[in-house]
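Trainee: Can you read through this structure? Questions will come right after.
In our numbering, the protein residues as written are 2 to 283.
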């Protein structure tokens with residue numbers, strides 16, 4: 002979906018501070034912002050040995066600006082419209098190019114609107130480029146072995162329904178997950194057969210050339226994507242009180258495709274494996 006790809010690029014621009022002239026030339030360059038020391042922009046296209054760059058046409062750049070304008074993201078729309086004008090002065094004209102007057106009018110509309118609605122992460126964050134599938138332990142011998150491995154590592158019961166089926170997710174370009182708890186609200190957990198999620202086991206199934214890290218926003222920790230590794234974290238303490246440190250998010254995928262599989266382990270069926278502690282807090 003062309004509009005979805007444009008929105009993904011807008012999200013990546015905001016998160017990773019992309020250099021737009023380089024993007025227009027087909028290269029992914031992240032501008033460096035470091036208040037403590039000097040640093041140079043990173044050309045991820047060259048570092049990750051991507052295929053030869055495919056430049057964006059003037060009409061492509063103008064289209065991205067139009068998508069941003071349509072979403073009322075006037076700040077970013079103005080940036081892309083300005084880039085359109087610059088490219089029109091640098092390149093030979095094409096039949097598909099918009100008229101200069103058309104671009105300038107759109108740019109003027111942005112400047113008149115930019116003070117009324119600036120970009121918010123909630124606007125773009127609502128669009129997640131993710132494909133999901135649930136895989137039961139019984140579907141394949143490898144899946145069953147992975148579930149047993151999780152049980153050995155955690156010491157908990159991982160068989161369904163105490164442990165959820167594996168949730169396999171694929172994040173494409175710009176795919177992300179907003180900060181959230183895996184621990185469910187109390188009124189929701191009461192309706193579940195195995196009650197609330199006490200622990201999350203997240204497998205990284207693929208490499209990602211750039212982006213895609215799992216970040217724990219309250220704990221200030223980022224876990225980069227490393228194929229065949231895993232992230233394990235508790236969602237509650239032993240008294241089943243939700244842990245603020247478990248708030249996490251999936252950063253947008255900048256280059257590549259991210260595959261993960263997670264298994265949630267529930268409280269019911271694990272009372273003896275994970276009993277309450279002896280203190281008031283546990």
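No residue lacks a Cβ here, since even glycine has one placed at the ideal position from N, Cα and C. The structure displayed is predicted, hence computed values, not measured ones.
Spell out a yes or no on whether the segment 142 to 158 and the segment 238 to 251 are touching, meaning 3 or more CB-CB pairs, one atom from each, closer than 8 Å.
Mentor: The segment 142 to 158, when compared against the segment 238 to 251, does not touch it at the 8 Å Cβ threshold.
Trainee: Whose C-beta lies closer than 6 Å to the C-beta of residue 260 among residues of the same chain, with five residues either side of it excluded?
Mentor: Answer for residue 260: 171, 206, 207, listed in chain order.
Trainee: Might you give, ordered along the chain, the residues of its own chain that have their beta carbon closer than 6 Å to the beta carbon of residue 223, omitting 5 neighbours on each side?
Mentor: For residue 223, where only same-chain residues beyond five positions count, the Cβ hits under 6 Å are 214, 216.
Trainee: What did DSSP end up calling residue 159 once you bin it into helix, strand or coil?
Mentor: Correct three-state label for residue 159: coil.
Trainee: On a Cα-Cα basis, can you pick out the residue from 93, 82, 174 that is closest to residue 29?
Mentor: It is 174 whose Cα lies nearest to the Cα of residue 29.
Trainee: Per DSSP, which one or two residues make a beta bridge with residue 234?
Mentor: Residue 234 is bridged to 201.
Trainee: In three-state DSSP terms, what is residue 168?
Mentor: Strand at residue 168.
Trainee: With 16 other CB atoms within 10 Å as the buried threshold, where does residue 264 fall?
Mentor: The residue is buried, with at least 16 neighbouring Cβ atoms inside 10 Å.
Trainee: Please tell me whether residue 262 and residue 204 are closer than 8 Å, where the distance is taken between their beta carbons.
Mentor: Closer than 8 Å, so yes.
Trainee: For residue 250, tell me which candidate among 229, 227, 220 has the shortest Cα-Cα distance.
Mentor: Ranking 229, 227, 220 by Cα distance to residue 250 puts 220 first.
Trainee: If distances are taken between C-alpha atoms only, which option among 20, 65, 254 comes closest to residue 212?
Mentor: Out of 20, 65, 254, 254 has the C-alpha closest to the C-alpha of residue 212.
Trainee: Measuring alpha carbon to alpha carbon, tell me which of 155, 201, 179 ends up nearest residue 167.
Mentor: Among 155, 201, 179, the Cα nearest to that of residue 167 is on 201.
Trainee: Any idea which residues DSSP pairs residue 216 with across the strands?
Mentor: Its beta-bridge partners are 223, 250.
Trainee: Let me make sure I understand the geometry here. Which of 76, 229, 270, 247 has the alpha-carbon closest to that of residue 235?
Mentor: Closest by alpha carbon: 247.
Trainee: I think residue 59 touches residue 98, with their Cβ atoms under 8 Å apart; what is that distance to the nearest whole Å?
Mentor: With a Cβ gap of about 5 Å, residue 59 and residue 98 count as contacting.
Trainee: Check this for me: beta carbons of residue 56 and residue 96, under 8 Å apart or not?
Mentor: It is not a contact, given that the beta carbons lie outside the stated cut-off.
Trainee: Starting from residue 262 and walking both ways along the beta strand (DSSP E), at which residues does that stretch end?
Mentor: Segment 259 to 267, the beta strand (DSSP E) holding residue 262.
Trainee: Among residues of its own chain, excluding the 5 on either side of residue 21, which ones have a beta-carbon nearer than 8 Å to its beta-carbon?
Mentor: Same-chain partners within the cutoff: 14, 80, 81, 84.
Trainee: Does residue 22 come out as helix, strand or coil in the three-state DSSP assignment?
Mentor: Residue 22 falls in the helix class under three-state DSSP.
Trainee: Using C-beta distances below 6 Å, list every residue in its chain close to residue 278, excluding the 5 sequence neighbours before and after it, in chain order.
Mentor: Hits under 6 Å: 239.
Trainee: So, helix, strand or coil for residue 185, using DSSP?
Mentor: If DSSP states are grouped into helix, strand and coil, residue 185 belongs with coil.
Trainee: Can you name the residues that DSSP bridges to residue 76?
Mentor: Its beta-bridge partners do not exist; DSSP assigns none.
Trainee: Rounded to a whole number of angstroms, what is the C-alpha to C-alpha distance between residue 198 and residue 257?
Mentor: Rounded to the nearest angstrom, the two C-alpha atoms are 30 Å apart.
Trainee: What three-state label does DSSP hand residue 179 in the structure shown?
Mentor: Strand.
Trainee: The alpha helix (DSSP H) spanning residue 27 covers which residue range?
Mentor: Per DSSP, residue 27 belongs to no alpha helix (DSSP H) and is neither H nor E.
Trainee: Quick check on residue 179: buried or exposed, where buried means 16 or more other Cβ atoms within 10 Å of its Cβ?
Mentor: Residue 179 is exposed by the Cβ-count criterion.
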